[in-house]
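Asks: Once you know that position 11 of the sequence shown is 11 in the UniProt record's numbering, the rest is easy, because the numbers rise by one and skip nothing. Below are the structure tokens for one structure; questions will follow.
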Amino acid sequence: MLIHAQIKCDAAVPQCNWCSHHNIPCTFERVIHKRRKDKTNANTQQKTTGLAERIDRIEKLLTDSLFREPSLSA
1 MLIHAQIKCD AAVPQCNWCS HHNIPCTFER VIHKRRKDKT NANTQQKTTG LAERIDRIEK
61 LLTDSLFREP SLSA
């Protein structure tokens, strides 16, 4: 009785480790999936713009509050 064992291929190039160890040609077919371009680039741009505006508002508030407070050295 012949039992077929599933062998996990590590997809090493040009030959997986199992095939290399047993000195047989590797028949694993590497399927390359194309990744979709993320839409995060536009989202990142919006976040960056929002953060820049927020920093500008905070800086303006800080400079305004510094000019309004009377000097303690006088």
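Ideal Cβ positions, reconstructed from N, Cα and C, are used throughout, including at glycine.
Could you tell me the distance, in whole angstroms, from the CA atom of proline 25 to the CA atom of glutamate 53?
Replies: Position 25 of the sequence shown, counted from the start, is the residue given in the question as residue 25. Position 53 of the sequence shown, counted from the start, is the residue given in the question as residue 53. Approximately 60 Å between the Cα atoms of the pair.
Asks: Between the Cα of glutamate 29 and those of Pro14, Asn43 and Arg35, spot the shortest distance and give me the residue it belongs to.
Replies: The residue labelled residue 29 in the question sits at position 29 within the sequence shown. The shortest Cα separation from glutamate 29 among Pro14, Asn43 and Arg35 belongs to Pro14.
Asks: Under a Cβ-count criterion, where at least 16 other Cβ atoms within 10 Å of its own Cβ denotes burial, should phenylalanine 67 be classed as buried or exposed?
Replies: Here residue 67 refers to the residue found at position 67 when the sequence shown is read from its first residue. When all chains shown are included, phenylalanine 67 counts as exposed.
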